[in-house]
Every structure is written in structure tokens, then in C-alpha cells.
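Below is one structure, written out as C-alpha cells; the observations come after it.
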Amino acid sequence: MGIATRYLEPLTHKFSQVGLRNTLRVAYLDLSDKVRSAIGKRFPSMALSPRSIQIECTTRCNLKCTFCELSYWTERPADLKHESIRAMVDRLPKLRRIDLTGIGEALMNREFFDIVAFLKSRGLYIAMNDNFTMMTDRSARRIVELGVDQIYVSLDGATKGTYEQLRVGANFDKVIANVGRLVAAKRGPLELAEEELARGNVGRAVRLLEDAIEESPVDLPRLRVLYAETLRRQAGSFSDKDAAQAERLLIKAVKADPKNAAAYFDLGMTYTKSKRYAEAISAFEKIGKELGII
Ligand code: SF4
């Protein structure tokens, strides 16, 4: 096998997928591991702290894959504890990368996210495998927010039949949908909501934005602007058939983004239609003040 096939092709593929910085980081870690291993073999008396380690964060699993040694184990399963990993990392001053899985389903360890948060606070590159049977929207978001660097999908079999025969206990369709959850979490709530709006799914966009505003205040101002505008659109679909609902949505919109003059205007028009002129005037005045014209 030529050098191009062994090293350059995987690196070129990685570069196209994860960008230059990540590719260089992994290439450096791989190379440095190889050098350290060669030095260790040549000079066994030299104690070299490893740069990369692999440690299962649990030996529990919800599947019984036919090819996996874990399916035939008789030992009691156990979870890695946050305190244990902290003690371990403290003794490895050169550690730069950790793979948190070998066997076992990582998300079964209740301390998994605490462990990842701790490892990230030490600046480590984190890789993991996952069978994706337990990936929820929430766990996918946590994985993205915490910055897990590399995640392999354990998927043996391109068809439901083959896959489920090998991965006993898993549901192919659910796993594929769960992979989609991680991809979606990676895209972020703003992009997702915009996609839903482009498809005309206004209600779904509203729910996505509400969850995002509650859980992830990073993009709060931008989220609120889009949320208000989306509520305004949703109110528009109720204006003829359910004026009270349209009014409720518009009130939420102006609370979410007090600078949304169009939402104030729509609210004013809703009051005007129901002959609540005082409230209409107040809404119009707010727009005027917001626009600096009164
Ligand atoms: S999901 Fe992974 S750890 Fe669990 S049984 Fe299958 S191969 Fe083994």
C-alpha cells in the first residue's frame, strides 16, 4: 500500500469533512503517538506519558450484537466514575486525546456528560463510538454543545434486515432517525427553524425556537428576532378564523422582540378589527416610538 493511500487519502477525506484545523490536529496526534510508541519500544526504560488513551466509560450495553465479546460476558457491568477519570487524567500530563468507548454504550453511563465536560475543561480531544439507539434530541444537543470532536456511528449493515440480524435489540429505522438528530443538533436551532419555515412548517419552527430559547441562550438575540417573526407568521394564519389566538401569538411576538414593528402593527390591526380602539392606539403608538416618528 503506497503512502498516498495509507495517509494522504484519509487525510484528504477528513479535510473535506471537518476542515483544516481539525485535520491537522488529528494528524499531529496520530504522528506523535507513533513517534512516542517507537521511542518506547526502542528505549523501554524511558517512561513516556501517553498522548492518547482509550477507555470505556461503561461496560453496560442495551444491545446483544452477535459479533461483540460483551454479548458473551458474564462479569457484572460497571460504569466509569467522574472521580476516577479525574484521578487518571491528573496522572497523565501529556494527555491530549481520549477515546471514551471500546465496548459498551456510552450514553448508559449517567455521568457521561459530566465526564465529557470535565475532559473538555482540560482541553482534550474526545472521540467516541455510539450505537445511536439512545440518542435523543437533548443528548445530541449536549454532545454538540460540549464539543465532542469525533463520533463514529456503529452501523453494521446497510439494510434493516442485515443490520437487525447483527445488532440484536436495535431498530434500524430508529437508529437512522437518531443519527439525523445529531446532524440536526450540529446545524443549530436557527438554521433548523429557517429550514422548517422554508418548508412551510411554521408550528414546528415555533416549537424549535421555543426549546432553543429555553435551553441554549448563546444566540438569544437572533433567536428572539426569528421567533417573533415566526409567531407573526403563525398569527397571520389565524387572523381570519381565530382572532383571539392570533392576538395571543402577536402579544408573544412583541414581547419576544419589542423592536418588531410589523408585529405591533398586526396587533394594532387585530384590536382595530375587534373595535378595541384604545388598545389599538397604544400598539400603534409603540410602533411610532420604536421608529422614532412620534
Ligand atoms: S452496541 Fe457495541 S458494545 Fe453493545 S453489544 Fe453491540 S458492539 Fe457490543
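Every number in our numbering is 3 more than the matching position in the sequence shown, counting from 1. Each residue gets a CB set at the ideal place from its N, CA and C atoms; glycine is no exception. From a predicted model like this one, the values you see are computed outputs, not experimental measurements.
Give the straight-line distance between the Cα atoms of residue i and residue j, rounded to the nearest whole angstrom.
i: LEU32; j: LEU185; result: 25 Å
i: VAL21; j: LEU27; result: 10 Å
i: ALA173; j: ALA215; result: 29 Å
i: TYR267; j: ALA196; result: 22 Å
i: VAL151; j: ARG45; result: 34 Å
i: ALA187; j: ASN132; result: 18 Å
i: ALA41; j: LEU95; result: 19 Å
i: GLU108; j: LYS244; result: 50 Å
i: PHE121; j: ARG89; result: 8 Å
i: LEU253; j: GLU232; result: 9 Å
i: LEU234; j: ALA201; result: 15 Å
i: ILE118; j: GLY126; result: 13 Å
i: LEU212; j: ALA281; result: 32 Å
i: CYS64; j: GLY239; result: 49 Å
i: ARG141; j: GLN248; result: 30 Å
i: ALA180; j: SER87; result: 34 Å
i: ARG1; j: ARG145; result: The question about residue 1 has no answer here: the residues shown for the chain are numbered 4 through 297.
i: LYS255; j: GLY291; result: 19 Å
i: TYR128; j: VAL205; result: 38 Å
i: PHE70; j: PRO13; result: 26 Å
Where does the unbroken alpha helix (DSSP H) through residue i begin, and where does it stop?
i: ASP93; result: 85-93
i: VAL151; result: Careful: VAL151 lies outside any alpha helix (DSSP H) and carries neither H nor E.
i: SER55; result: Run containing SER55: none in the alpha helix (DSSP H); it sits in the beta strand (DSSP E), 55-57.
i: ILE179; result: 175-190
i: ILE106; result: Looking at the DSSP string, ILE106 is not in any alpha helix (DSSP H), and its letter there is neither H nor E.
i: MET272; result: 264-276
i: ALA256; result: 246-259
i: THR165; result: 163-169
i: GLU232; result: 223-241
Applying the 10 Å Cβ sphere with the 16-neighbour rule, what's the burial state of residue i?
i: VAL171; result: exposed
i: THR61; result: buried
i: PHE115; result: buried
i: VAL257; result: buried
i: PRO192; result: buried
i: ALA81; result: exposed
i: GLY178; result: The sequence given here has Val at residue 178, not Gly. So VAL178 ends up on the buried side.
i: GLN57; result: exposed
Beta strand (DSSP E) containing residue i: first to last residue?
i: ASP214; result: Careful: ASP214 lies outside any beta strand (DSSP E), inside the alpha helix (DSSP H) at 205-218.
*Which runs of the beta strand (DSSP E) spanning at least 3 residues fall entirely within the stretch 113-137, listed in chain order?*
128-133
*Where the beta carbon is closer than 5 Å to any heavy atom of the ligand SF4, which residues qualify, in chain order?*
CYS64, LEU66, CYS68, CYS71, LEU73, ILE106 and ASN134
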